[in-house]
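As structure tokens, the structure follows; a few thoughts come after it.
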Amino acid sequence: KRGGNMTANPFALLHYSNVYLTVNISLTILLALILVKDTVTFVFAAGSWADRSPLHDAACQGRLLALRNLILQGHNVNVVTIDHVSPLHVACLGDHVACARALIAAGANVSRYMESPLHAAAEKDCTAIVKLLLDFGADIHARNIEFQRPVEAAPPSSLTEGFLLVYEATPQPLSQLCRQRIRDRVGRDRFHLINHLPLPNPLRNYLQYR
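Following UniProt numbering, the numbering of the sequence shown begins with 1 at its first residue and continues without gaps.
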């Protein structure tokens, strides 16, 4: 009889249909939100290794030949991961001096904002890479996300800390300042054109750190 009453009452049937539709839509939306949340969580949990490039892999493992081949193939040396980590930064963390030099020679940015390659090299006490980065114009006064200068990021009483303290206290030669100024004006994307400038060979070599 109850079934007959519900059939006889179209408004009651419509009410229950609306309730069912509302619940169904709510469950669908909830499921979609859960899926999106899981996807976003996975992406961010993966960190900088989720989207690293072949250059990142080669720099991380110190594979110089593979790195050079990738550069010759036209891979962007300034490509960054979701965490803004560059191949040069990875090379500095691994203390791979030759890889760092190859990336810099190909136009890698030595002075990225915040967590710079110089901070990474200083933290790992990689004095050779620290010197290399400074020679190519890295900012010794740059601050990282913790507002530390490279010398403050270096391990206490380490060789790198001592080197940076001396470097900070020593005025840079005019020749080095001029070289950096000229290279800044030329731009990283046009470093390869320095060799075609109408300059004496010794001066061209000096501008290219040869």
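A virtual CB, placed ideally from N, CA and C, is assigned to each residue, including glycine. Here the structure is a predicted model, which is why all the values come from computation and not from measurement.
Worksheet item: If we count the other Cβ atoms within 10 Å of its Cβ and call it buried at 16 or more, is I118 buried or exposed?
Response: Reading off the sequence, residue 118 comes out as Leu, not Ile. That one is buried.
Worksheet item: Can you tell me where the alpha helix (DSSP H) with Y167 in it begins and where it stops?
Response: Y167 -> alpha helix (DSSP H) spans 159-169.
Fill in: Closest by C-alpha distance to R181, when choosing among P54, H89, D135
D135
Worksheet item: With burial defined as no fewer than 16 other Cβ atoms inside 10 Å of the residue's Cβ, what is the status of P87: buried or exposed?
Response: buried
Item to complete: Starting from the C-beta of E101, find all residues in its chain whose C-beta is less than 8 Å away, skip the five residues before and the five after it, and write them out in chain order.
Response: Checking the displayed sequence, the identity of residue 101 turns out to be Arg instead of Glu. The residues are L132.
Discussion item. I'd like to know whether the C-beta atoms of T81 and R52 end up nearer to each other than 9 Å.
Written reply: Contact: yes.
Practice prompt. Specify, as a first and last residue, the run of the alpha helix (DSSP H) that D125 falls within.
Written response: Segment: none, D125 is in no alpha helix (DSSP H) and carries neither H nor E.
Worksheet item: For A59 versus A91, is the C-beta distance shorter than 9 Å?
Response: yes
Discussion item. According to DSSP, is A66 part of a helix, a strand, or is it coil?
Written reply: helix
Fill in: Collapsed DSSP secondary structure at V40 in the structure displayed
The predicted model places V40 with a pLDDT of 39, which falls under 50 and marks its position as unreliable; any figure quoted below should be read in that light. Helix, per DSSP.
Discussion item. I need the DSSP call for I104, collapsed to helix, strand or coil.
Written reply: helix
Fill in: Contacts around R56, its chain only, beta-carbon distance under 6 Å, and the 5 residues preceding and following it disregarded
Residue identity differs from the one stated: residue 56 is His in this sequence, not Arg. Hits under 6 Å: P87, V90.
Discussion item. According to DSSP, simplified to helix, strand and coil, what is Q208?
Written reply: coil
Item to complete: Just mark C126 as buried or exposed, buried being the case when its beta carbon has 16 or more other beta carbons within 10 Å.
Response: buried
Practice prompt. In the DSSP assignment, find the unbroken alpha helix (DSSP H) run with L88 in it and report its ends.
Written response: 87-93
Worksheet item: Which one of K124, V110, S116 has the shortest CA to CA distance from L93?
Response: Ranked by Cα distance from L93, the first of K124, V110, S116 is K124.
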